[in-house]
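Written out below as structure tokens is the structure these notes cover.
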Amino acid sequence: METSNKEKLSAKVPDNRKEITEITETELKELEKVAKQYGRDSWEYSKYLKKNFKHIGEEIPENIPFSEYHDYILRNFRITKPMKEWTDIDYKVYNSWQKRLLVLFSIKEHGWKEPFDDRQKRIIERVRNGTDYDILADECPEWFQ
């Protein structure tokens, strides 16, 4: 699938959340408080991360065909250390990684075929460029229920 520069620009979604890797000492203390209260693998902790921080994932190279995005993400973007060693950043990266794969699964389930319409191209470009899909939950709520 080829996308023009115009389509790539339209794939960007305004997101005013701070990148999780730029966390301040105050934010870190608040994260620790939430983690202690609910646990790092809790829904509440995940919701706090989603609401307050973003993670722009690594881009998939443009020479990788769309049909191979899922496998490429699984092979190249996973966290390899044991879960008990994960940091707050690792949890946010993992949540963003899961959403990216969920979008690809939804695309497959909906049977998208080329030629893609403009909306489909924008969504596919967001998967490729690493957009944090937590910001897209309002745009495509059926994907995140």
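Add 5 to a position in the sequence shown, counting from 1, and you land on the number used in our numbering.
Note that beta-carbon positions come from the ideal geometry of N, C-alpha and C, so glycine has one too.
Being a predicted model, the structure only gives us computed values, none of them experimental.
Between the C-alpha atoms of Glu-32 and Glu-119, what's the straight-line distance to the nearest angstrom? 44 Å
So what does DSSP say about Phe-149, is it helix, strand or coil? In this prediction, Phe-149 has a pLDDT of 45, which is less than 50 and means its spatial position is unreliable; nothing more can be read from the coordinates.
Assigned exposure category for Asp-139 - 16 Cβ within 10 Å defines buried: buried
Touch check for the stretch 95–107 and the stretch 61–80: three-plus C-beta pairs under 8 Å? yes
For the candidate residues Glu-73, Val-98, Asp-76, whose alpha-carbon lies nearest to that of Thr-85? When each option's Cα is compared against that of Thr-85, the closest is Val-98.
Sub-8 Å separation of Ile-94 and Ile-25 beta-carbons: yes
For Glu-24, list the residues DSSP reports as bridge partners. Lys-59
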